[in-house]
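*Asks:* Below is the structure I would like to discuss, written out as structure tokens.
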Amino acid sequence: MMSGDYHFVERILAGKIGYLGQEDLVVEDLEWYPHAKFKGVFQKNMVKGDTNGGKFSCHLVKIEDGFEIGDHIHEGRWELHEVVGGTGLGYMAGREIVYEPGVTVVVPDSVEHKIVANRGDVYILAKFIPALI
27 MMSGDYHFVE RILAGKIGYL GQEDLVVEDL EWYPHAKFKG VFQKNMVKGD
77 TNGGKFSCHL VKIEDGFEIG DHIHEGRWEL HEVVGGTGLG YMAGREIVYE
127 PGVTVVVPDS VEHKIVANRG DVYILAKFIP ALI
């Protein structure tokens with residue numbers, strides 16, 4: 027990773043997740059899971075629905091350079107993308123959106139979208155309401 031472009035994601039990876047009434051989780055210790063459908067895409071499940079009655083989940087997603095999360099929808103769920111590293115392109119309902127650190131994108135329930143990493147790896151915090159897992 028290039029520290030100038032990826033400073034925030036590096037801080038997230040070095041950070042912790044605090045829960046009321048239980049030990050903090052160390053983000054670096056969480057496993058990177060390969061996406062079941064899209065090659066070159068990995069996620070760390072930072073907050074799962076089993077910790078909050080299924081209300082929401084949060085995932086650190088890495089899309090490797092040259093790969094994409096192809097067209098897909100999440101029926102019954104809203105999704106919030108917070109770009110925390112890298113630069114790529116997002117597509118939603120015919121609109122192209124530059125994905126770069128500081129950009130936040132709201133994906134409504136059942137709207138088709140995709141993200142392409144075409145200028146290096148892209149990292150997003152993907153938050154689902156209700157929880158994805």
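Numbering (the working numbering), first residue to last: 27 to 159. All residues carry an ideal CB built from backbone N, CA and C; glycine is no exception.
Do you know whose CA, among P156, P134, F93, lies nearest K65's CA?
*Replies:* The candidate whose alpha carbon is nearest that of K65 is F93.
*Asks:* Are Y117 and V142 close, meaning C-beta to C-beta below 9 Å?
*Replies:* Yes, they are a contact pair.
*Asks:* Just confirm the distance between the C-beta atoms of F34 and P134, as a whole number of angstroms; I'd bet it's less than 8 Å.
*Replies:* In fact, because the Cβ distance is near 26 Å, the residues do not count as touching under 8 Å.
*Asks:* Do K70 and W58 have their C-beta atoms within less than 9 Å of each other?
*Replies:* Yes; because the gap between Cβ atoms is below 9 Å, this pair is in contact.
*Asks:* Just to confirm, are K63 and A157 a CB contact at a threshold of 9 Å?
*Replies:* For K63 and A157, no; Cβs fall outside 9 Å.
*Asks:* For the beta strand (DSSP E) containing H61, list its first residue and its last residue.
*Replies:* Where H61 is concerned, there is no enclosing beta strand (DSSP E), given that its DSSP letter is neither H nor E.
*Asks:* Give the range of the beta strand (DSSP E) segment to which I150 is assigned.
*Replies:* Where I150 is concerned, the enclosing beta strand (DSSP E) stretches over 148-155.
*Asks:* Grouping DSSP H, G and I as helix and E and B as strand, with all else coil, what is F68?
*Replies:* Residue state, collapsed to three classes: strand.
*Asks:* Buried or exposed for Y45, going by 16 or more other Cβ atoms inside 10 Å?
*Replies:* Label assigned to Y45: exposed.
*Asks:* For I159, does the three-state DSSP call read helix, strand or coil?
*Replies:* Residue state, collapsed to three classes: coil.
*Asks:* Determine, using beta carbons only, whether I150 and V109 come nearer to each other than 9 Å.
*Replies:* Result yes, Cβ atoms of I150 and V109 sit closer than 9 Å.
*Asks:* Among the candidates L56, I89, G75, whose CA atom is the shortest distance from the CA of S83?
*Replies:* The shortest C-alpha separation from S83 is found at G75.
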